[in-house]
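A.B. asks:
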Amino acid sequence: MKNNTNYLRFTLFHRFCHFLTIISFFGLVLTGLPLAFRGYGWARWLYELFGGYPTAGYIHRISALLTFFAGFLHFAWLFFNISIKKKKGFFWGPNSMLLQPRDIFDVIGDIKWFLGIGKRPNFDRWIYWEKFEYLSLMWGTIVMAATGLILWFPVQFTKVIPVSVASIVDVPGIALIIHRYEAILAAVFIFTIHFIHTHLLPEKMPVDECIFTGRITEAEFKHERLGEYERLKRQKQLDSYKVAPPSLFAKFLSRLVAVPLLITGLILVSLMVSALVVWAL
Amino acid sequence: MKLKMILHLVKPRYFFYIILASVMVISSRAAVITAAENETCYGCHDKNSEKMEKTEKARIDPVTGEIEVVSLKIDREAFSLTAHGGEDFACTDCHSSLEDAEDEDLEENGHKPNLKPVDCVTFCHDDPAAEFNESKHVKLMKENNKDVPTCKECHGGLTYHLSPYGEEAPMYVLRATDPLHRKLTIDACGSCHEEHLASYRNNAHGQVTALGHTTTEVPVCFDCHGKHTILNSSEPESKVGQDNIIETCGSCHANANASFVKHVEHPQIKNLNYYKTLLAAVKNYRKDPEALKKMVKNPQTILCIVFVAYLGILAMTFTKFGLHSLLGWFATVRDEYRGKGHSDEEQH
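Chains A and B are the protein sequences, given in the same order. Number 203 in this note's numbering belongs to position 195 of the first sequence; there are no gaps in the numbering. Number 564 in this note's numbering belongs to position 277 of the second sequence; there are no gaps in the numbering.
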């Protein structure tokens, strides 16, 4: 008999934020990428698919506002929990998204596991690469938002810069270069590293439904994060995370949404890589 | 007496105006008549007309002396959209009159092929032509033994004369605001100014036009550099010179200010020569510190540093994390293969 115990990993709020991030991220990538790869036929096709100039630009800006909204929700949630509800563990401990001393041991353990000289480390709630992805998402969003706003309102931003400085430091020009290459970095990172780390693992293929349904089975929990499982057991909190298994409909729906997006991302990244190959040859 | 006073009041130049007005009225009547005459031409030259068997002829280009094959057939619908496709243009306005060319059997044989070459300048476009021919751009081209472009080289494009060469025949004179015309001028300028075209493509404006959007909302070369008078940007009177640049940028970016117009429109980030000059300046710092100082003060330098930094970040990130995720992936496969995956944990 299969063990059908499920635990809640992501609350509805976090699932909603992830969904919002997906939608806005794809909106931004699909309308922005053609500009970075302007010399290729597929870029033209993609740009026309989203209405060309200026429609694609409007979609890009609306998606940017959605990203701002997701970012606002995230930081409002953090503020609410830290300052008002006075919850602990955001900056230190196993639940923190910030890097902790134990992450160094996790990295070493993980490398040992890669090389086949050790077992997979018993990770806690957040694995070091998940923390890195989270932190780079935060950092990347700030960089993209700042440079994007400069490009959106170049006249207003340059107004505050003295002419003597502006003639050496071309702020909109720098913003464009950063915006373009940070975008390529983010898009390729999400479509390869993030996908491989989470969704395209042999055990998860094609998607890790957990981020959509919020639930993981006991077996997955023990396999992925034995450290957290045992810690919760020790602290006698494990039962409070127990939930009913996700409905078949929820699983179906999450695949229905995620698989096309996954394929889109993989197509985009292969186009980008092919562009790199063409350029290199 | 009264009449004499009135006549006194009417100065001679008023008579001139009256005559001019009547000439204009008459000539407009003439235009109507000639427009109807176009039908005579279309009788044979329409692409659907079967009256004329010949569809093209060879001729010598009056300016370049090259022999070219031009089409004798016209797509009326396409032509009506061009700059000269309006109803008040007659074929004979540009193609000289047929009076001397009439064959005895016009109906049978058509007119003799002695039409004079089309002259854009003499009667109609003398202003831009003079402006263009006297511009420093053209003078510089002549000094450097470059072929000075003719009207058609920039204003041509698609053909309304149905040519086997299709889009390359330089006859279809597009309106100045036509996106196709604007797009073709980028290629025309870029055919000599290759580096400027490449660097323009690195910028926000150039990347949108590269995707094929060249409406008047997105600037092409001539929006900033001028049309027939093209001056070097170092000259104050240039459209992008210090006297005019705020106005030029401001025509799209409302309230453009002195700092805004310092923006680098032609980033050299992908130009190897710029990096070479930069390295040379660093090497020769002891001999010539001024050269390096000049390079550092050039806004291009920071752009190049940011660009190279990002290439480094991209390379670092993807080699490290690429390796990491691949190793992780293989390790997972290995565990599954050896039966250490979660499938066996599920059993106990």
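Built from N, CA and C at the ideal position, the CB exists for glycine as well. Quick caveat, the model's predicted, so the values are computed rather than measured.
Distance check for Val527/B and Cys252/B, CA to CA, integer angstroms please.
C.D. replies: Residue 252/B is absent from the model: chain B starts at 288 and stops at 635.
A.B. asks: Assign Leu518/B to one of three DSSP states: helix, strand, or coil.
C.D. replies: In the structure shown, Leu518/B sits in coil (DSSP, three-state: anything other than H, G, I, E or B).
A.B. asks: Is the Cβ of Phe122/A closer than 8 Å to any Cβ of chain B?
C.D. replies: Chain B, which has a Cβ nearer than 8 Å to the Cβ of Phe122/A, makes this yes.
A.B. asks: With DSSP as the reference, identify every bridge partner of Asp333/B, one or two as the case may be.
C.D. replies: Answer by DSSP bridge pairing, in chain order: Ile361/B.
A.B. asks: Using only CA atoms, which one of Gln587/B, Ala545/B, Cys539/B lies nearest to Gln529/B?
C.D. replies: Ranking the options by Cα distance to Gln529/B, first place goes to Ala545/B.
A.B. asks: Determine, using beta carbons only, whether Thr606/B comes closer than 8 Å to chain A.
C.D. replies: No, its Cβ sits nowhere closer than 8 Å to a Cβ of chain A.
A.B. asks: Which full runs of the beta strand (DSSP E) of 3+ residues lie inside the segment 221 to 277 of chain A, going along the chain?
C.D. replies: Here the runs fully enclosed are 223 to 225.
A.B. asks: Could you name the residues of the same chain whose beta carbon sits closer than 6 Å to that of Ile271/A, not counting the 5 residues immediately before and after it, in chain order?
C.D. replies: Excluding sequence neighbours, Ile271/A sits near nothing in its chain.
A.B. asks: With 8 Å as the threshold, decide whether the Cβ of Ile271/A is near any Cβ in chain B.
C.D. replies: With 8 Å as the cut-off, Ile271/A does not count as an interface residue toward chain B.
A.B. asks: Assuming contact is defined by CB atoms lying nearer than 8 Å, are Met152/A and His187/A in contact in what I supplied?
C.D. replies: Result yes, Cβ atoms of Met152/A and His187/A sit closer than 8 Å.
A.B. asks: Does Thr503/B have its Cβ less than 8 Å from a Cβ in chain A?
C.D. replies: Thr503/B does not count as touching chain A.
A.B. asks: Taking 8 Å as the CB-CB cut-off, is Gly615/B touching chain E?
C.D. replies: Absence of chain E from the displayed structure is noted, the protein chains being A and B.
A.B. asks: Please report the distance separating the alpha-carbon of Glu430/B from that of Asn420/B.
C.D. replies: The straight-line gap from Cα to Cα measures roughly 13 Å.
A.B. asks: Return the bridge partner residues of Lys127/A from the DSSP annotation.
C.D. replies: None, per the DSSP bridge assignment.
A.B. asks: According to the Cβ coordinates, are Glu549/B and Asn489/B closer than 8 Å?
C.D. replies: Reading the sequence as shown, one finds Lys at residue 549/B and not Glu. No, the Cβ-Cβ distance between Lys549/B and Asn489/B is not below 8 Å.
A.B. asks: Who are Val179/A's beta bridge partners in DSSP?
C.D. replies: Looking at the DSSP assignment, Val179/A forms no beta bridge with any residue, so it has no partner.
A.B. asks: So who's on the other strand from Tyr15/A, going by DSSP bridges?
C.D. replies: Ile224/A, Lys250/A, per the DSSP bridge assignment.
A.B. asks: In terms of residue numbering, what span does the beta strand (DSSP E) encompassing Arg346/B cover?
C.D. replies: 343 to 347 is the extent of the beta strand (DSSP E) around Arg346/B.
A.B. asks: Since Tyr572/B contacts Leu579/B with CB under 8 Å, what's their CB separation in whole angstroms?
C.D. replies: At roughly 5 Å, the Cβ-Cβ gap stays under 8 Å, so Tyr572/B and Leu579/B are in contact.
A.B. asks: Applying a beta-carbon distance threshold of less than 9 Å, which residues of chain B neighbour Phe197/A?
C.D. replies: Near Phe197/A (Cβ distances below 9 Å), the residues of chain B are Thr604, Phe605, Phe608.
A.B. asks: Going by beta carbon distance, what residues of the same chain come within less than 6 Å of Phe24/A, once the five residues before and after it are set aside?
C.D. replies: There are no such residues.
A.B. asks: What's the C-alpha gap between Phe33/A and Ser486/B?
C.D. replies: Looking at the two C-alpha atoms, the distance is approximately 28 Å.
A.B. asks: What residues of chain B sit near Ala51/A, judged by a beta carbon separation below 9 Å?
C.D. replies: Neighbours of Ala51/A on chain B, chain order: Ala497, Leu498.
A.B. asks: Taking only the alpha-carbon atoms, compute the straight-line gap between Leu208/A and Ile533/B and give it to the nearest angstrom.
C.D. replies: Spanning the two alpha carbons is a distance of roughly 53 Å.
A.B. asks: Is the Cβ of Tyr55/A closer than 8 Å to any Cβ of chain B?
C.D. replies: It does; some Cβ of chain B falls within 8 Å.
A.B. asks: One question on the structure: do Ile589/B and Ile169/A come within less than 8 Å of each other, judged by their Cβ atoms?
C.D. replies: No, Cβ-Cβ distance for Ile589/B and Ile169/A is not below 8 Å.
A.B. asks: Between the Cα of Ser520/B and the Cα atoms of His483/B, Val495/B, Thr503/B, which residue gives the shortest distance?
C.D. replies: Comparing Cα-Cα distances from Ser520/B to each of His483/B, Val495/B, Thr503/B, the minimum goes to His483/B.
A.B. asks: Can you list, in chain order, the residues of its chain whose CB lies under 7 Å from that of Gly372/B, leaving out five sequence neighbours each side?
C.D. replies: Result list for Gly372/B: Phe366, in chain order.
A.B. asks: Tell me the residue span of the alpha helix (DSSP H) that contains Trp616/B.
C.D. replies: Element bounds for Trp616/B: 586 to 625.
A.B. asks: Where Cys378/B and Asn325/B are concerned, what is the direct C-alpha to C-alpha distance, given to the nearest angstrom?
C.D. replies: About 6 Å.
A.B. asks: Quick one: measure Cβ to Cβ for Ile361/B and Lys344/B, integer angstroms, because I've assumed they're closer than 8 Å.
C.D. replies: At roughly 14 Å, the Cβ-Cβ gap does not stay under 8 Å, so Ile361/B and Lys344/B are not in contact.
A.B. asks: Which residues of chain A have a Cβ atom closer than 8 Å to the Cβ of Asn544/B, listed in chain order?
C.D. replies: Under the 8 Å cutoff, chain A gives Val163, Thr166, Lys167.
A.B. asks: Chain A partners of Leu601/B, CB-CB under 9 Å?
C.D. replies: Neighbours of Leu601/B on chain A, chain order: Tyr189, Ile192, Leu193, Val196.
A.B. asks: I need the boundaries of the alpha helix (DSSP H) containing Gly494/B, first residue and last residue.
C.D. replies: Just to set this straight, residue 494/B is Gln in the shown sequence, not Gly. Residues 491 to 497.
A.B. asks: What is the residue span of the alpha helix (DSSP H) that Val507/B lies within?
C.D. replies: Where Val507/B is concerned, there is no enclosing alpha helix (DSSP H), given that its DSSP letter is neither H nor E.
A.B. asks: Can you tell me whether Leu559/B is buried or exposed? The criterion is at least 16 other CB atoms within 10 Å of its CB, across all chains shown.
C.D. replies: So Leu559/B counts as exposed.
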